[in-house]
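Let me begin by presenting the structure, written as structure tokens, before commenting on it.
Residue numbers (the numbering used here), protein chains in the order written: chain P, 8 to 475; chain A, 8 to 475.
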């Protein structure tokens, strides 16, 4: 559990080389979720940066068993306390340089474990195998044009799909990693100039931060910086702003289950001549498969037949290849469901265009992507239901210029409680029970729209949230 | 059997997509060897360019069974006759665009077959599998920096290890192939300029041709062209001459059995400051493994222990990974010998330097590489032995500025025949019995140096040939 510092990068090599499985934990999670992960993963050793001790300490306490804890005592860490028995550097000093590297006896062995918010509140442990990570890293190098001259700045958390496998991709080609403890434009611009950064990745929020950085903070640089971004397509104004500053933006698509990026919106030369609007429409597509992904398809999830490539017929986006997870840890039902019919079901609804580009139209899973983090709307709803005055609740994504999306809660209070509980009360309750980034930013009171069978009509709420 | 024309490139896709195995035949071979290959490979269909009908016709006649022959009637072909029942374009027109592609049911299935001259006269059929070709193609893209803007000129024969897998590498990244019927500087320079060629490969002979092209034939171009070359390291004067013209040369190492390149001499920035001689020494090394090759090692072939990385202790260069052939077709003994001890034995003797770079010092196999072609010295010796006046013969490589190496024959005539047979007679006899490029360029008469047990001391002859 660490920010993008050398110890976490080293762990991407040292942990597998020791024959262990790496589980990089999202540093934004709350203590309960961290405890759940440590328990579910049967973790034997935790290496943690002192800055997160306020979360790690209660997580360890509620774990109910002792595990070895190694402290990363980074000089740049802000506050926190040392919780472990051994210092990270002291641990490294104990190492025997002649100890042979533990190579996996099978390329399908687990390399790492990445917990993701699914449709249910409990995070699911996505198991990455060696072959998949190798291939996706190679795919990144090819698509992003990495080579031994590349200088990669770590603006993407390494705990997100192992830094979308760039942790390995940059090293595979002999490039240079530039670690970054905190995503801060005041640090990013000077690093780009002074370190000659050529490549970086990040959620759209990172692009937003750079575009909206105070003018006196921005620095010019005389080379183009390739930026790959995932999640929702960045608004065309953001892309324009980035390109004016010297960045070139590529839009990627993928999921934790696909080792991060599985598709990219490959630029077509004829788009150069398009007007801004049709051009932005092309760029917002999720695109074509990585050269390392054999099959990307939009299919009817019932019949498994591919939809026509008319850009209109909606189906589910499905993936097939070796850059798909081995499965969910200790969750055979979820794994079987994810792979039914021989394809990985992304849960994303989309269309196939005539030029072979896919475009996401909606998510069938109830996921909100806020600041690059996946948040389960069901997890928020479960928290809301625990509030003593809440009768019913439904959470949907609300589009947001800064965060991409934010959780918007529609709440029906218990009879007689109307007007006695405020939106701020609800938000404060959530913040006391879950990671802050997961909490609703908007709360709307009133009855929920339902189908004749009593099912909440989330699409109505989504429309409502869009218009707010 | 075709030069580097679109049909041969298409065959690299169409043949496997039809569920068949591609066997690109070296167009420089003689009819007997072509017949041997068609027989040994159990070929069912031959697609041949009319220019080679003088070889193909007798090969088909001596085959002793009928196979379907498709004519490539290229407008640029020089002479030749149509031998087949169907024209290549007519064959394509028969195709059903809706016929599903035959994907291999197993990634280890044979994709292609490449015949190579081994230590014995009969060519061995090296079986490439889908996974290996995929990986090596990706390795080429990474090492050579191919991307969708790359324009690749076909100066390397596609029948050499399937164009060292660039046939697939260029397409994998969405680059452009520029076909070239004949390696001719008069065509190459204008193509580089007019087509914006960025990458090409070739044996050192190709570099030689370009460096020594008449001044009026050379054209300038304002971009750098990456050139990868295999076989013996080009002399530093050639590298210098190439760089002056705007080429950047990378030295690769590999064999047919490793899908072509398996290692490359990756440039180290500190070499920039070296004088020409130590710099050329560094550049002449075979280098470090491709990112797609897990293991490259120099080992004692008896004990299989790695030699120390002292740059002095000679061992055999060995490879391990998925970019190694499946085996030799219908030759389990040779396959077993090649893979004994769990490593592929290259037959090349070399050293491991302290910086992890390998360097080839000698070949343990009796192979001569002339103009980029492997020629078996034993095959030439067998031909020499058929000469009625020859008693003994041994063939070694003689260093050659133009061809890299040429075959040099040491011949002992039968008693009383001394002075009655000339070197030209011997060469003419060879040309009547084997492909011209395989024939000795030098013939030396006299007794052969032998060990006490009567074994010919080839290293003495090599030293002698070097000094000529």
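Just so you know, even glycine gets a beta-carbon here, dropped at the ideal spot from N, CA and C.
Tell me, to the nearest whole angstrom, how far the beta carbon of residue i is from that of residue j; I am working on the premise that it is less than 8 Å.
i, j, result
"residue 155 of chain A", "residue 139 of chain A", "Not quite, the Cβ-Cβ distance comes to about 24 Å (not below 8 Å), so this is no contact."
"residue 136 of chain A", "residue 333 of chain A", "5 Å"
"residue 297 of chain P", "residue 325 of chain P", "The Cβ separation is near 15 Å, so there is no contact."
"residue 359 of chain A", "residue 314 of chain A", "6 Å"
"residue 377 of chain A", "residue 444 of chain A", "6 Å"
"residue 258 of chain A", "residue 271 of chain A", "7 Å"
"residue 130 of chain A", "residue 122 of chain A", "4 Å"
"residue 216 of chain A", "residue 192 of chain A", "6 Å"
"residue 409 of chain A", "residue 212 of chain A", "7 Å"
"residue 134 of chain P", "residue 117 of chain P", "5 Å"
"residue 50 of chain A", "residue 74 of chain A", "6 Å"
"residue 2 of chain P", "residue 109 of chain P", "Because residue 2 of chain P is not part of the residues shown, which for chain P are 8 to 475, the question remains open."
"residue 347 of chain P", "residue 322 of chain P", "Contact doesn't hold; Cβ gap of about 15 Å is too wide."
"residue 32 of chain P", "residue 41 of chain P", "6 Å"
If I measure Cβ to Cβ from residue i and keep anything under 8 Å in the same chain, skipping five residues before and after, which residues do I get?
i, result
"residue 158 of chain A", "182, 183, 185, 202, 203, 204, 205 and 206"
"residue 467 of chain A", "456"
"residue 425 of chain P", "452"
"residue 470 of chain A", "none"
"residue 473 of chain A", "405 and 406"
"residue 233 of chain A", "151, 152, 205, 206, 207, 254, 255 and 257"
"residue 433 of chain P", "391, 394, 397, 416, 418, 447 and 450"
"residue 145 of chain P", "176, 179 and 299"
"residue 427 of chain P", "396 and 420"
"residue 330 of chain A", "139, 142, 143, 146, 265, 266, 269, 297, 299 and 300"
In the DSSP assignment, what are the bridge partners of residue i?
i, result
"residue 452 of chain A", "A:418"
"residue 11 of chain A", "A:187"
"residue 406 of chain P", "P:412"
"residue 158 of chain P", "P:183"
"residue 457 of chain P", "P:463"
"residue 447 of chain A", "BP columns for residue 447 of chain A are empty, so no partner."
"residue 173 of chain P", "Answer is none; residue 173 of chain P lacks a bridge partner."
"residue 218 of chain A", "Answer by DSSP bridge pairing: none, since residue 218 of chain A is not bridged."
"residue 306 of chain A", "A:313 and A:323"
"residue 374 of chain A", "A:383"
"residue 119 of chain A", "A:29 and A:135"
"residue 397 of chain P", "P:420"
For residue i, which residues from the same chain have a beta carbon less than 7 Å from its beta carbon, with the 5 sequence-adjacent residues on both sides left out?
i, result
"residue 218 of chain A", "245, 248 and 249"
"residue 126 of chain A", "Caution applies to residue 126 of chain A, whose pLDDT of 48 falls short of 50 and renders its modelled position unreliable; the model cannot decide the point."
"residue 380 of chain P", "35 and 444"
"residue 282 of chain A", "none"
"residue 188 of chain A", "10, 11, 12 and 83"
"residue 320 of chain P", "314 and 358"
"residue 301 of chain P", "327 and 328"
"residue 366 of chain P", "292, 293, 357, 358 and 360"
"residue 168 of chain P", "121, 263, 266 and 267"
"residue 37 of chain A", "62, 441 and 442"
Here's a check: name, in chain order, each residue in its chain whose Cβ is nearer than 6 Å to the Cβ of residue i, leaving out the five neighbours to either side.
i, result
"residue 19 of chain A", "174"
"residue 60 of chain A", "87, 88 and 90"
"residue 316 of chain P", "359 and 361"
Q: Starting from the N-terminal side, write out each stretch of the alpha helix (DSSP H) that is 4 residues or longer and does not extend beyond the stretch 224 to 267 of chain A.
A: 243 to 252
**Q.** Positions along the stretch 150 to 162 of chain A whose CB lies within less than 8 Å of some CB in chain P
**A.** 152, 154 and 155
Q.
Under 8 Å, CB to CB, which of the residues in the stretch 295 to 321 of chain A have a partner in chain P?
A. 298 and 299
**Q.** Residues in the stretch 162 to 182 of chain P having any Cβ partner in chain A nearer than 7 Å
**A.** 179 and 180
Q. In chain order, which continuous runs of the alpha helix (DSSP H) of length 4 or greater are located wholly inside the stretch 19 to 102 of chain A?
A. 38 to 47, 60 to 70 and 95 to 100
Q.
Which runs of the alpha helix (DSSP H) at least 4 residues long sit entirely within the stretch 326 to 368 of chain A? Give them in chain order.
A. 339 to 345
Q) Can you list, in chain order, the residues of the stretch 117 to 149 of chain A whose Cβ is nearer than 8 Å to any Cβ on chain P? A) 145, 148 and 149
Q: Only counting runs of 4 or more residues, tell me where the alpha helix (DSSP H) segments fall wholly within the stretch 264 to 291 of chain A, in order along the chain.
A: 283 to 290
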